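Worksheet for the structure shown next.
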Amino acid sequence: MSEMQRWVKVNNFETLMRLGVYPKEQINAQRVIIDVTLEVNINIHHDKIKNVLSYEEIIIIINKISKKNHKFLAETVAEDIAQECLKLDTAISVHVSLKKPDIISGKTEVGVEVLLKK
Numbered sequence: 014m015s016e017m018q019r020w021v022k023v024n025n026f027e028t029l030m031r032l033g034v035y036p037k038e039q040i041n042a043q044r045v046i047i048d049v050t051l052e053v054n055i056n057i058h059h060d061k062i063k064n065v066l067s068y069e070e071i072i073i074i075i076n077k078i079s080k081k082n083h084k085f086l087a088e089t090v091a092e093d094i095a096q097e098c099l100k101l102d103t104a105i106s107v108h109v110s111l112k113k114p115d116i117i118s119g120k121t122e123v124g125v126e127v128l129l130k131k
């Protein structure tokens, strides 16, 4: 029998948040782009949404964390998202990427990535 793995993904989720160490970043919200890849346990789903992890659960977590008060570090936000995602029942591991696309002029993006496993 073949081994199967499953991931639930949310890519290019764009939100505004106050994030950074500089005074203007603490006052003004900036664009942040978040990707989450959540590895989940395989279960028999019978083509029913109630039997799988919905990407909506990940979006709720991202929204909840991104709407909190100012954070100095992108690492803090990415780690908070990862830790909340791992609390979901079927979660095995999570990869979170957070980018700040407007910090450096041109097409350069800066950011962080976090990988967390149960």
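Okay, so the sequence shown: first residue is 14 according to the working numbering, each after it adds one. No residue lacks a Cβ here, since even glycine has one placed at the ideal position from N, Cα and C. Just so it is clear, the structure is predicted and the values come from calculations on it, not from any experiment.
By Cβ distance, which residues of its chain are closer than 8 Å to residue i, with the 5 residues on each side in sequence left out?
i	result
GLU88	VAL125 and VAL127
VAL96	Per the sequence presented here, residue 96 reads as Gln, with Val not at that position. So the qualifying residues of the chain are LEU129.
Report all residues from its chain with a CB closer than 7 Å to the CB of residue i; omit the five preceding and five following residues, and keep chain order.
i	result
GLU38	ARG31 and LEU32
LYS81	none
MET139	Absent from the model: residue 139. The displayed extent of the chain is 14 to 131, so no value can be given.
GLU92	VAL127
Quick one: does residue i have its CB under 7 Å from some CB of chain D?
i	result
GLY119	Checking the listed chains, one finds no chain D in this structure; it contains a single protein chain.
Since residue i and residue j should fall inside the 8 Å C-beta cutoff, what is the C-beta to C-beta distance between them, to a whole number of angstroms?
i	j	result
LYS113	VAL123	5 Å
VAL45	LEU111	6 Å
Tell me which same chain residues have a C-beta within less than 6 Å of the C-beta of residue i, skipping the five on either side of it?
i	result
ARG19	VAL53 and ILE55
ILE40	none
THR28	VAL45 and SER79
Please name the residue, chosen from the options, that lies closest to residue i on a Cα-to-Cα basis.
i	options	result
LEU101	VAL34, ASN24, ILE73 and LEU86	ILE73
VAL109	SER67, LEU99, PHE85 and ARG44	LEU99
VAL34	GLU27, HIS83 and MET17	HIS83
VAL21	GLY119, VAL49, PRO36 and ILE116	VAL49
LYS63	GLN96, THR121 and THR103	THR103
ASP115	LYS81, ALA42, GLU92 and LYS61	ALA42
Just to confirm before moving on: does the CB-CB distance between residue i and residue j stay below 7 Å?
i	j	result
ILE75	ILE47	yes
HIS59	VAL65	no
ILE78	ILE94	yes
TYR68	VAL107	no
Where are the beta strand (DSSP E) runs, 3 residues long or more, that stay fully inside the segment 21-103, in chain order?
Here the runs fully enclosed are 43-53.
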